[in-house]
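First to last, the protein sequences are chains R and Y.
For the first sequence, our numbering assigns the number 3 to the initial residue and increments by one for each residue that follows.
For the second sequence, our numbering assigns the number 332 to the initial residue and increments by one for each residue that follows.
Where is the CB? At the ideal position from N, CA and C, for every residue including glycine.
Take a look at the structure set out below.
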Amino acid sequence: MVEREITVCNRLGLHARAAAKLVQECGRHQARVTLLARGREVNAQSILGVMMLAAGKGTPVIVRCDGGDEEAALAGVVALFERRFDEPD
Amino acid sequence: MNRFLTTQELYDEVRGRLELNWPGAPEGAERKIEIGEGRQRRPSLVGYLNLIHPNRIQILGAEEIAFLDSLPAATRRTTVQRIFQPQPAALVLVRGIEPPEDLAARAKRSHVAIWRSSKRGHDLLTYLQYHLARALAPRTTLHGVFLEVYSIGVLITGEAGAGKSELALELLTRGHRLIADDAPEFTQIAPDVIDGTCPDMLQDCLEVRGLGVLNVREMFGDTAVKRNKYLRLIIHLGPTVADGEQDGLKRLYGDVASHKVFDVDVPRLVIPVAPGRNLAVLVEAAVRNHLLKSKGIDAAQTFVDRQAHTMKRQRTW
Chain R
3 MVEREITVCN RLGLHARAAA KLVQECGRHQ ARVTLLARGR EVNAQSILGV
53 MMLAAGKGTP VIVRCDGGDE EAALAGVVAL FERRFDEPD
Chain Y
332 MNRFLTTQEL YDEVRGRLEL NWPGAPEGAE RKIEIGEGRQ RRPSLVGYLN
382 LIHPNRIQIL GAEEIAFLDS LPAATRRTTV QRIFQPQPAA LVLVRGIEPP
432 EDLAARAKRS HVAIWRSSKR GHDLLTYLQY HLARALAPRT TLHGVFLEVY
482 SIGVLITGEA GAGKSELALE LLTRGHRLIA DDAPEFTQIA PDVIDGTCPD
532 MLQDCLEVRG LGVLNVREMF GDTAVKRNKY LRLIIHLGPT VADGEQDGLK
582 RLYGDVASHK VFDVDVPRLV IPVAPGRNLA VLVEAAVRNH LLKSKGIDAA
632 QTFVDRQAHT MKRQRTW
């Protein structure tokens, strides 16, 4: 199991489009990906769960990957956050 | 596909309704009435006597005859000539008016049908326009099963063997109705209305693998079959997509796009087929959701808006 803490840095936070991209990225890996924020733990493969976090800009989020290609999954998810979900701001 | 009608066919279809008769030997029975392309295209196929934009079917009432009668003999002759010059399909005299002799003679010589009706010109005009618009409307056949689900017309499409007919059978047992299996015919009867019917040949039939052809009317009763229905929704049975391949937003909004039938956009929904999925339940839910959306209730959009609102209100960490 690997995990890393990152901060949501895009202006709109984990809104619908960003959550959709995150779920899609997690679907590419076998590892089980979990997000922890505001004391809540959700499965990152479930779009409703990810949106329920309502993680706005500046919210710290812990990404936890377990099993299979956990390293690759973690790198993929962290890269997505750092790219600001390919959004302009 | 543009169809055409011959004068004879049109006469046979509307004679009862419009109280038409065709005095004398039927002349010009094979003349075609069709929607032309390019320069031949006419603003309307049927109308009151018009020499500038000649109609295929010219209606003559008391006013037109009075106009002809008011002309000096020489002008009258050239006017009658001009009526027949564009080769109309038929002339219709309304309210039982007798055709003037010169008109009748000229019609006989040019082989143009002269019909008489006891109806008023206006009734004739509205009915013929309606009838011709329907009869000559663009028509196409789409592959799939056309059903009525919760009172709206739904076309189920998918590759051969995707389970369309089995799905239709299950929806029938749940009380929905069949319009046509395999090759429903669609006609654009108004700018935004597509009407689907069953070709006569396939009426009441449903082909299911392993069972052969079933007669739905005999099996489920008269109420299980419907003659026609407007096409409102297309549901496509598609292959299953791996999680990482599918666009994440489709998880929220569903896989909805639109499909052009003639120039009308019909919403098209893709439901992935997988063993163990209850497609009938999914189709019912899809139709209910479509009905709600058309009333302005969009669950996905409401949820997205609610989440965005919550996120804005929360203080940042």
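Item to complete: Please confirm if Y/D578 has its CB atom under 8 Å from at least one CB of chain R.
Response: Within the second sequence, residue 578 of chain Y is the residue found at index 247, counting from 1. Taking 8 Å as the threshold, the shortest C-beta distance from Y/D578 to chain R falls below it.
Worksheet item: Can we say the segment 5-22 of chain R touches the segment 39-57 of chain R, given the rule of at least three CB pairs closer than 8 Å?
Response: Because the criterion of three Cβ pairs below 8 Å is met, the segment 5-22 of chain R and the segment 39-57 of chain R touch.
Worksheet entry | Straight-line gap, Y/R637 to R/Q26 (C-alpha atoms, nearest Å) | Locating residue 637 of chain Y in the second sequence gives position 306, counting from the first residue. Locating residue 26 of chain R in the first sequence gives position 24, counting from the first residue. For Y/R637 and R/Q26, the distance between alpha carbons rounds to 22 Å.
Worksheet item: When DSSP builds the beta bridges, which residues end up paired with Y/T528?
Response: Position 197 of the second sequence, counting from 1, holds the residue named residue 528 of chain Y. Under DSSP, Y/T528 takes part in a beta bridge, and its partners are Y/E516, Y/N559.
Worksheet item: Can R/Q47 and R/V63 be called in contact, C-beta distance under 8 Å?
Response: Here residue 47 of chain R corresponds to residue number 45 of the first sequence, with the count starting at 1. Here residue 63 of chain R corresponds to residue number 61 of the first sequence, with the count starting at 1. Taking 8 Å as the Cβ cut-off, R/Q47 and R/V63 do not qualify as a contacting pair.
Worksheet item: Which first and last residues belong to the alpha helix (DSSP H) in which Y/F398 is found?
Response: Indexing the second sequence from 1 puts residue 398 of chain Y at position 67. Segment 393-401, the alpha helix (DSSP H) holding Y/F398.
Worksheet item: Residues in its own chain within less than 6 Å of Y/R548 by CB, not counting five upstream and five downstream?
Response: Locating residue 548 of chain Y in the second sequence gives position 217, counting from the first residue. Around Y/R548: D535, V556.
Worksheet item: What span of residues does the alpha helix (DSSP H) with Y/S589 cover, start to end?
Response: Position 258 of the second sequence, counting from 1, holds the residue named residue 589 of chain Y. First-last for Y/S589: 587-592, but that is the beta strand (DSSP E), not the alpha helix (DSSP H).
Discussion item. Between Y/S482, Y/Y481, Y/D523, Y/L562, which has its C-alpha nearest Y/P515's C-alpha?
Written reply: For this step, residue 515 of chain Y is matched to residue 184 along the second sequence. Closest by alpha carbon: Y/L562.
Discussion item. Quick check on R/G2 - is its C-beta less than 8 Å from some C-beta in chain Y?
Written reply: One cannot answer for residue 2 of chain R here, as it falls past the ends of chain R, which runs 3 to 91.
Discussion item. I'd like to check one pair, Y/L502 with Y/L478: are the Cβ atoms closer than 8 Å?
Written reply: Taking the second sequence and counting its residues from 1, one reaches residue 478 of chain Y at position 147. Taking the second sequence and counting its residues from 1, one reaches residue 502 of chain Y at position 171. Yes; because the gap between Cβ atoms is below 8 Å, this pair is in contact.
Worksheet item: Candidates Y/C529, Y/G392, Y/R346: which alpha carbon is nearest Y/T471's?
Response: Translated into positions along the second sequence, residue 471 of chain Y becomes position 140. Closest option to Y/T471, judged by alpha-carbon separation, among Y/C529, Y/G392, Y/R346: Y/C529.
Practice prompt. Report, in whole angstroms, the separation of the C-beta atoms of Y/L382 and Y/R413, which I expect to be a contact under 8 Å.
Written response: The residue labelled residue 382 of chain Y in the question sits at position 51 within the second sequence. The residue labelled residue 413 of chain Y in the question sits at position 82 within the second sequence. That belief holds up - the Cβ atoms of Y/L382 and Y/R413 are roughly 5 Å apart, short of 8 Å.
Worksheet item: I think Y/T488 touches Y/G475, with their Cβ atoms under 8 Å apart; what is that distance to the nearest whole Å?
Response: On the second sequence, position 157 is the one that residue 488 of chain Y refers to. On the second sequence, position 144 is the one that residue 475 of chain Y refers to. Indeed they touch by this definition, with Cβ atoms about 4 Å apart.
Worksheet item: Does the separation of the CB atoms of Y/A444 and Y/G392 fall below 8 Å?
Response: For the purposes of this step, residue 444 of chain Y is identified with residue 113 of the second sequence, where counting begins at 1. For the purposes of this step, residue 392 of chain Y is identified with residue 61 of the second sequence, where counting begins at 1. Going by C-beta atoms, Y/A444 is not nearer than 8 Å to Y/G392.
Worksheet item: In whole angstroms, what is the alpha-carbon distance linking Y/Y481 and Y/L613?
Response: In the second sequence, counting from the first residue as 1, residue 481 of chain Y sits at position 150. In the second sequence, counting from the first residue as 1, residue 613 of chain Y sits at position 282. Roughly 13 Å separates the two Cα atoms.
Worksheet item: To the nearest whole angstrom, what separates the beta carbons of Y/A468 and Y/I520, a pair I think is in contact under 8 Å?
Response: Taking the first residue of the second sequence as position 1, residue 468 of chain Y is located at position 137. Taking the first residue of the second sequence as position 1, residue 520 of chain Y is located at position 189. Their Cβ separation, rounded to whole angstroms, is 5 Å, which keeps Y/A468 and Y/I520 in contact under 8 Å.
Practice prompt. Please list the segments of the alpha helix (DSSP H) lying wholly inside the segment 12-81 of chain R, counting only runs of 4 or more residues, in order along the chain.
Written response: Restricted to the segment 12-81 of chain R, the alpha helix (DSSP H) segments that are unbroken, complete and at least 4 residues in length are 18-29, 49-54, listed in chain order.
Discussion item. Within 8 Å of any Cβ in chain Y, is that where the Cβ of R/A56 sits?
Written reply: Locating residue 56 of chain R in the first sequence gives position 54, where the first residue counts as 1. Yes, its Cβ sits closer than 8 Å to a Cβ of chain Y.
Worksheet item: Start and end of the alpha helix (DSSP H) containing Y/D578?
Response: Indexing the second sequence from 1 puts residue 578 of chain Y at position 247. Looking at the DSSP string, Y/D578 is not in any alpha helix (DSSP H), and its letter there is neither H nor E.
Discussion item. Quick check on this structure: which residue in Y/F415, Y/R440, Y/N609, Y/D433 has the alpha carbon closest to the alpha carbon of Y/A404?
Written reply: As a position in the second sequence, residue 404 of chain Y is number 73, starting the count at 1. Ranking Y/F415, Y/R440, Y/N609, Y/D433 by Cα distance to Y/A404 puts Y/D433 first.
Worksheet entry | Boundaries (first-last residue) of the alpha helix (DSSP H) holding Y/V480 | Within the second sequence, numbered from 1, the residue matching residue 480 of chain Y stands at position 149. Premise fails: Y/V480 lies in the beta strand (DSSP E), 476-480, not in any alpha helix (DSSP H).
Fill in: Close-in-space but distant-in-sequence residues of the same chain around Y/I428 (CB under 8 Å, 5 per side omitted)
Position 97 of the second sequence, counted from the start, is the residue given in the question as residue 428 of chain Y. Excluding residues within five positions, the ones whose Cβ falls inside 8 Å are L391, G392, A393, I396, R447.
Worksheet item: In terms of residues, what are the limits of the beta strand (DSSP E) holding Y/E365?
Response: Here residue 365 of chain Y refers to the residue found at position 34 of the second sequence. Residue range 363-365 is occupied by the beta strand (DSSP E) that includes Y/E365.
Item to complete: State the beta-bridge partners of R/E5 as determined by DSSP.
Response: Here the question's residue 5 of chain R lines up with position 3 in the first sequence. R/R66.
Discussion item. Which residues in chain R have a C-beta closer than 7 Å to the C-beta of Y/A639? List them in chain order.
Written reply: Here residue 639 of chain Y is taken as the residue at index 308 of the second sequence, counted from 1. Result: H17.
Worksheet item: Under 8 Å between C-beta atoms, does Y/V480 make it to chain R?
Response: Within the second sequence, the letter at position 149 stands for residue 480 of chain Y. When Cβ-Cβ separations below 8 Å define contact, Y/V480 makes no contact with chain R.
Worksheet entry | Separation of Y/H507 from Y/T554, as counted between CA atoms | Taking the second sequence and counting its residues from 1, one reaches residue 554 of chain Y at position 223. Taking the second sequence and counting its residues from 1, one reaches residue 507 of chain Y at position 176. So the alpha carbons of these two residues sit roughly 9 Å apart.
Worksheet item: How is Y/A631 classed by DSSP in three states: helix, strand or coil?
Response: Here residue 631 of chain Y corresponds to residue number 300 of the second sequence, with the count starting at 1. Secondary structure at Y/A631: helix, using DSSP grouped into helix, strand and coil.
Worksheet item: Between which two residues does the alpha helix (DSSP H) harbouring Y/I414 extend?
Response: Taking the second sequence and counting its residues from 1, one reaches residue 414 of chain Y at position 83. Its alpha helix (DSSP H) spans residues 404-415.
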